[in-house]
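Worksheet for the structure shown next.
Number of protein chains: 2
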Amino acid sequence: MTVTLADVAARAQVSPATVSRVLNGNYPVAATTRERVLRAVDELDYVLNGPASALAAATSDLVGILVNDIADPFFGIMASAIQSEIGGPGGRAGGERLAVVCNTGGSPERELTYLTLLQRQRAAAVVLTGGAMENAPHAAAVAAKLRKLGEAGTRVVLCGRPPAPDTGAFALTFDNRGGGRELTEHLIGLGHRRLGYIAGPEERTTTRHRLEGHREALAAHGIDEDPRWTVHGRYDRRSGYEATLELLRRDPSLTAVVAANDSVAVGASAALRESGLRIPDDVSVAGFDDLPFSVDAVPSLTTVRLPLSEAGARAGRIAMGREEPPPGGIATVRGELMVRGSSGVPRK
Amino acid sequence: MTVTLADVAARAQVSPATVSRVLNGNYPVAATTRERVLRAVDELDYVLNGPASALAAATSDLVGILVNDIADPFFGIMASAIQSEIGGPGGRAGGERLAVVCNTGGSPERELTYLTLLQRQRAAAVVLTGGAMENAPHAAAVAAKLRKLGEAGTRVVLCGRPPAPDTGAFALTFDNRGGGRELTEHLIGLGHRRLGYIAGPEERTTTRHRLEGHREALAAHGIDEDPRWTVHGRYDRRSGYEATLELLRRDPSLTAVVAANDSVAVGASAALRESGLRIPDDVSVAGFDDLPFSVDAVPSLTTVRLPLSEAGARAGRIAMGREEPPPGGIATVRGELMVRGSSGVPRK
DNA sequence: GCATATATAGAAAGCGCTTGCTGCATGCAT
DNA sequence: ATGCATGCAGCAAGCGCTTTCTATATATGC
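Chains A and B, in that order, give the protein sequences.
Each position in the first sequence, counted from 1, maps to that position plus 127 in our numbering.
Each position in the second sequence, counted from 1, maps to that position plus 127 in our numbering.
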């Protein structure tokens, strides 16, 4: 049989209440008593029953982190930073919290189901990372869930996702549009006029914002965009590879390829290389995010750095109530243009 | 106030017991009654209280996944595969389970703390991924914890980690030694005789086994290893970069660099390139794991492919009791040598 | 038709913990 | 000496569910 609080109490010759208080450290207990209790805990190798205490105290020590794809470092880095701040083992306070990383795989239903599961567990906080799906009914359903969670006392933080109005959620939004604009402006500045764009999946805020930034830059410089220059795909390398071949087929005269993110850009580079094109001499390539591998690409990738780690850490602290939420509950996190070897002047 | 089972029962004009049974579907309930209950659940927007039901039923729907570094795709890929199998949202069965991904950061204390936290939550299963720390007292402590977990009914599975004898844990072990041997044999076969080795952190089984494989290959071919040829570091790109510079300083005549994993190999490649050495003409490079980015390195990386996704999926199924554990509780997962552009004959 | 098996629903006893309240010693001021 | 804070420990009432056992109603067999 498993050891219970009562067993410890019996062994330490105190009441269960006292044991509970020693363990939670939220009520004065005489030093000698505490000593005795701790010894008993140790001797019996007692481990608190989480569900029972969550039930009695009406709070749990679970913190949910929703990510679109845990195998993608973009999310891994944020998740890691969030987790390091939520005070799990190694964190500061004794109040140990368990981070629950949930992989939605970009599926709306899963996102909702996980949110319900977290609500069911009475999570202490929930952090949603990455772009949101733009499907209207789904967005409404998520907003409703977030509101419910908030009402139940769960702190909700969005990290790298647009604000969710009227939900009480705090938002740390990435300036995807601004980053996209800067990136394309950089290429235009180099002289490019025929730019392919490999966008992410449709109906995603991140996809849309980055693309809008790109188009704003084109428009600002009076460049008419050819619809053939935009291809949609997934946020992975493979997709970048295929999309690039498609782009090349549609218009071999492109002098630059802008990708939705770094993984896509790497795939694009591979496709260009295999097509006999040199980077950046024949075609320039640009990514987004500045993931760790981007600097090692050959040539190293021009991209927009997003402070994933910093943003994640901040989101984690806000979720734990250890940092003031931004004024108005919303903060914009800007990216930084990283000009590297993959972009150059267009070929003549 | 939050809605409880009793509220639903009242609304549906049945007893709480009946509601519980409808929700759990583990007891016959007349169709019309079920109907009525479900409608009430819906109307009240009721969500089961997880801790309460875990307490009453003495089981929880949490599954723990321990990883060393969630920002590293090596772990991300395994975690993703495990999670996809544990039947969370999108999985098969209705019994929805919540995956708890815990990031130990390679710290023994955290590993232990997370295990305790999982024990406290009465997790349904726990999967430990990646190499184990070899520190003896720690290993014993972990083994004791695993045994406890097992006794409490938590299924424990090791994925990519050596077996833990007498703990009742199932193990899917990677054949790191064999992979290391093959890789180095490949290089020796090409004619290399002076091979640098960038090992991972000490006191890690993965590090040791890969290094042992390397040395076995050297020994088998009568190559005396110079102690200067081995450098220890972390499992990241940065470490590979620095270690390579160190290796080059110690012995500029090396013709190949074998890295502990792909990230390290990429860092090594960068260092070589910056030192004016061509790959593979001047120095060959090899990695381990075959992560997605390895094929995109320039030149593409010779490495040992580990079926991370497959192994993770299998570990997940075993953890859920949906697949027979391997005979004896232990299975070895072999890697596959991937010969690519980064390895070639040594320079003259 | 009567006894027995078969479905379905309810009553109630916990699951193991937290916490408001009460109680009893002390310590201090008067 | 008496009274009153004060510090520490215990009592006991739940927290919201699950589940065993019991009760009723209907179906079945002879």
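Ideal Cβ positions, reconstructed from N, Cα and C, are used throughout, including at glycine.
It should be emphasised that the depicted structure is a prediction, and the values quoted were computed from it without experimental measurement.
Own chain partners of residue i with C-beta closer than 6 Å, once the 5 adjacent residues on each side are dropped
i      : result
S469/A : I406, P407, V412, P426, L428 and T429
A370/A : I325, V358 and G360
G221/A : Note that G221/A scores a pLDDT of 44, beneath 50, so its modelled location is shaky; the value from the coordinates is reported in the next line. Here the set comprises nothing.
L372/A : A398
E309/B : L464
G277/B : V283 and G295
H336/A : N303 and R304
L132/A : P143 and V146
E343/A : R308
Closer than 8 Å at the beta carbon, the chain A residues around residue i
i      : result
D409/B : Under the 8 Å cutoff, chain A gives no residues; its nearest Cβ is about 16 Å from D409/B.
9 Å Cβ cut-off: residues of chain A touching residue i
i      : result
E212/B : Near E212/B there are no residues of chain A at all, since even the closest Cβ is about 12 Å away, more than 9 Å.
P264/B : Chain A residues near P264/B: none, gap ~16 Å exceeds 9 Å.
P473/B : Those within 9 Å of P473/B in chain A number zero; the least Cβ separation is about 22 Å.
Same chain, Cβ closer than 7 Å to residue i, neighbours up to 5 away in sequence not counted
i      : result
R441/A : L299 and E450
N262/A : P235 and E330
V228/A : I192, V194, I197 and A206
S142/B : A136
A480/B : Nothing in the structure corresponds to residue 480/B, since chain B is present only between 128 and 475.
R474/B : T382, D408 and D409
Those residues which DSSP pairs with residue i across a bridge
i      : result
Y368/A : Paired residues: none, contrary to the question.
D416/B : R432/B
A226/A : V190/A
Y173/B : DSSP, once it has assigned bridges, lists no residue as partnering Y173/B.
T459/B : T300/B
L323/B : According to the sequence shown, residue 323/B is Gly rather than Leu. Its beta-bridge partners are V384/B.
A291/B : According to DSSP, A291/B bridges with nothing at all.
L464/A : V431/A
R359/A : Position check: residue 359/A holds His in this sequence, whereas Arg was assumed. Bridge partners of H359/A: A326/A.
V391/A : Beta-bridge pairing links V391/A to no other residue.
L255/B : L193/B and L285/B
R161/B : For R161/B, which the question treats as bridged, DSSP gives no partner whatsoever.
R331/A : M260/A
S411/A : A383/A
Residues near residue i in its chain [Cβ-Cβ closer than 8 Å; skip 5 each side]
i      : result
E170/B : R138
S187/A : G177, A181, Q248, R249, A250 and A251
D363/B : D199, S390, V391 and G394
P216/B : Its pLDDT being 46, under 50, P216/B is placed unreliably by the model, and nothing is read from it.
D293/B : A270 and R274
R219/B : Model confidence at R219/B stands at a pLDDT of 31, short of 50, so the residue's coordinates are unreliable and nothing is read from them.
T243/A : K272
A185/A : R249
Under 8 Å by beta carbon: chain B residues contacting residue i
i      : result
N176/A : L182, R247 and R249
I197/A : I197, G203, A206, S207, Q210 and V228
T129/A : A279
Proximal chain B residues relative to residue i, where beta-carbon distance stays under 9 Å
i      : result
A270/A : Near A270/A there are no residues of chain B at all, since even the closest Cβ is about 14 Å away, more than 9 Å.
P143/A : In chain order: nothing, as chain B lies at least about 16 Å away.
Interface partners of residue i on chain B, CB under 7 Å
i      : result
S187/A : P178
P155/A : By Cβ distance, chain B contributes nothing, its closest Cβ being about 25 Å from P155/A, past 7 Å.
Assumed close pair residue i, residue j - CB separation to whole angstroms, cut-off 8 Å
i      : j      : result
F415/B : A386/B : 7 Å
F201/B : L418/B : 6 Å
G439/B : P328/B : In fact, because the Cβ distance is near 22 Å, the residues do not count as touching under 8 Å.
V77/B  : T145/B : Coverage of chain B is limited to positions 128 through 475, which leaves residue 77/B absent and any answer about it impossible.
C286/A : V254/A : 6 Å
W356/B : L322/B : 6 Å
7 Å Cβ cut-off: residues of chain A touching residue i
i      : result
P453/B : Within chain A, no residue comes near P453/B; the closest Cβ sits about 25 Å away, beyond 7 Å.
request  = Closer than 7 Å, Cβ to Cβ, to anything on chain B: give me those residues from the region 414-447 of chain A, in chain order.
outcome  = P419, F420, D423 and V425
task = Scan the region 318-337 of chain B for residues whose Cβ lies nearer than 9 Å to a Cβ of chain A and list them as they occur along the chain.
result = none
key: Contact set between the region 227-238 of chain B and chain A, restricted to residues whose Cβ is under 9 Å from the partner   = V227, V228, C229, N230, T231, G232, S234, E236, R237 and E238
Interface positions of the region 353-364 of chain B facing chain A (Cβ-Cβ less than 9 Å), listed along the chain = D363 and R364
inquiry  = Beta carbons nearer than 9 Å to chain B: which residues of the region 371-398 of chain A have them?
reply    = S390, V393, G394, S396 and A397
query = If contact means a Cβ-Cβ distance below 9 Å, which residues of the region 280-300 of chain A contact chain B?
reply = none
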